[in-house]
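The listed protein sequences correspond, in order, to chains P and V. Counting in the working numbering, the first sequence runs from 7 upward without gaps. Counting in the working numbering, the second sequence runs from 2 upward without gaps. Shown next, in structure tokens, is the structure this report addresses.
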Amino acid sequence: MEITLAHYLVLSGVLFSIGLIGVMRRKNLLMLFFATEILLNSANIGFAAISHFHNDLTGQMFAFFIIAIAASEVAVGLGLLIVWYKRTGKIDLDIMTSMRG
Amino acid sequence: MFEAIAFYLFAALTIGMFTITVMTSQALYALTAMAAGMIFISAFFFMLGADFLGVVQIIVYTGAVMALYAFGMMFFDTTRTLVEKRENPRIIFLLGVIAATLVVFIMISPIISSNIEAHYPIDATVGNSQAIGYVLFTKYLVPFEVAAVMLLVAMVAGIVLAGKKMDKSLTLMAEEEIALMSATQTKPHDEEGAH
Numbered sequence: 007m008e009i010t011l012a013h014y015l016v017l018s019g020v021l022f023s024i025g026l027i028g029v030m031r032r033k034n035l036l037m038l039f040f041a042t043e044i045l046l047n048s049a050n051i052g053f054a055a056i057s058h059f060h061n062d063l064t065g066q067m068f069a070f071f072i073i074a075i076a077a078s079e080v081a082v083g084l085g086l087l088i089v090w091y092k093r094t095g096k097i098d099l100d101i102m103t104s105m106r107g
Numbered sequence: 002m003f004e005a006i007a008f009y010l011f012a013a014l015t016i017g018m019f020t021i022t023v024m025t026s027q028a029l030y031a032l033t034a035m036a037a038g039m040i041f042i043s044a045f046f047f048m049l050g051a052d053f054l055g056v057v058q059i060i061v062y063t064g065a066v067m068a069l070y071a072f073g074m075m076f077f078d079t080t081r082t083l084v085e086k087r088e089n090p091r092i093i094f095l096l097g098v099i100a101a102t103l104v105v106f107i108m109i110s111p112i113i114s115s116n117i118e119a120h121y122p123i124d125a126t127v128g129n130s131q132a133i134g135y136v137l138f139t140k141y142l143v144p145f146e147v148a149a150v151m152l153l154v155a156m157v158a159g160i161v162l163a164g165k166k167m168d169k170s171l172t173l174m175a176e177e178e179i180a181l182m183s184a185t186q187t188k189p190h191d192e193e194g195a196h
């Protein structure tokens, strides 16, 4: 029962698919942000696993930068969300159709 | 043996927690399940020998990101049950499975095709945090500084966006003032032209 790289990559793929299901089925914008966090974390697991099994630190470096990007995405996205909620009182995706194309 | 047990245990816990996050109709359940899943993910980092990454995962995700979401959720009406669009769940699940298979193939393909040489091999004589410090402050110094500037810009943007009208404290105001303020806020479309 040796845990190999494929185990971690399959787990990463499963978590990524869970996040994708969340992105596709959520209408609430806050829940959409949660699903995005799941996507980023599944990528982190894949990077750390490849870094471990190939004995290379580059994967961990990429995981760090992904965490930094996730943190700044939350700050800006939540700020925009709060402004939108103050204006309209709703955070549903379907009503965000101000541009009539 | 113990590694296999730990891997399957934490894999089941993480998948369960993230499934709750994706599937639940309560925003608070989603938030707490998300925080638990983040902590369980750090267990994988510890198992993979990336100690520093695991600690950063706990501190940044469950300490900062989840706290930020919790503060943000105070602005929204979280007691209301979320309405979801249910157009065709079969198509969504089919697309999810296809996407997962694609991701696995993308990740496996370089391993099949060629042998990967390590650019920055992990030095066994120093600890994980020390090795990360060596690589981060030599080879990845410029991306590190750029990431720092990006975080600063995001922080300023977050304060500017969310901090409007934060000078009014609801706990220190009289009842009449709060009623007056909420009466003016029920017509938010009137002030849109003023911005």
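Note that CB positions come from ideal geometry on N, CA and C, so glycine has one too. On a predicted model such as this, the values are computed, not experimentally measured, just so you know.
In the DSSP assignment, P:R32 falls outside any alpha helix (DSSP H), carrying neither H nor E. Judged by DSSP in its simplified three-state form, P:D62 adopts strand.
V:I160 and P:E8 have their C-alpha atoms spaced approximately 48 Å apart.
Taking C-beta atoms as the reference points, P:L46 and P:L99 fail to come closer than 7 Å. When the Cα atoms are used, V:G97 and V:V105 turn out to be separated by approximately 12 Å. Counting along the chain, the unbroken alpha helix (DSSP H) around V:G73 starts and ends at 67 to 74.
Listed along chain V, the residues sitting closer than 8 Å to P:M7 by beta-carbon distance are M2, A5.
Interface annotation, P:L45: not in contact with chain V, CB-CB separation never under 7 Å. For V:D124, the three-state secondary structure derived from DSSP is coil. With a threshold of 7 Å between beta carbons, P:I101 makes no contact with chain V.
When CB distances to chain V are screened at a threshold of 8 Å, the residues of the stretch 68 to 87 of chain P falling below it are A69, F70, F71, I73, A74, I75, A76, A77, S78, E79, V80, A81, V82, L84, G85, L86, L87, in chain order.
Judged by their CB atoms, V:S43 and V:I21 are not nearer to each other than the 7 Å cut-off.
Counting the other CB atoms within 10 Å of its CB gives P:I56 a total of 16 or more, which places it among the buried residues. Taking a contact to require three or more Cβ pairs closer than 8 Å, the stretch 63 to 70 of chain V and the stretch 74 to 85 of chain P qualify as touching. In terms of CA proximity to P:S78, P:T42 leads the group P:T42, P:G19, P:F59. Going by C-alpha positions, P:S48 is about 11 Å away from V:I16.
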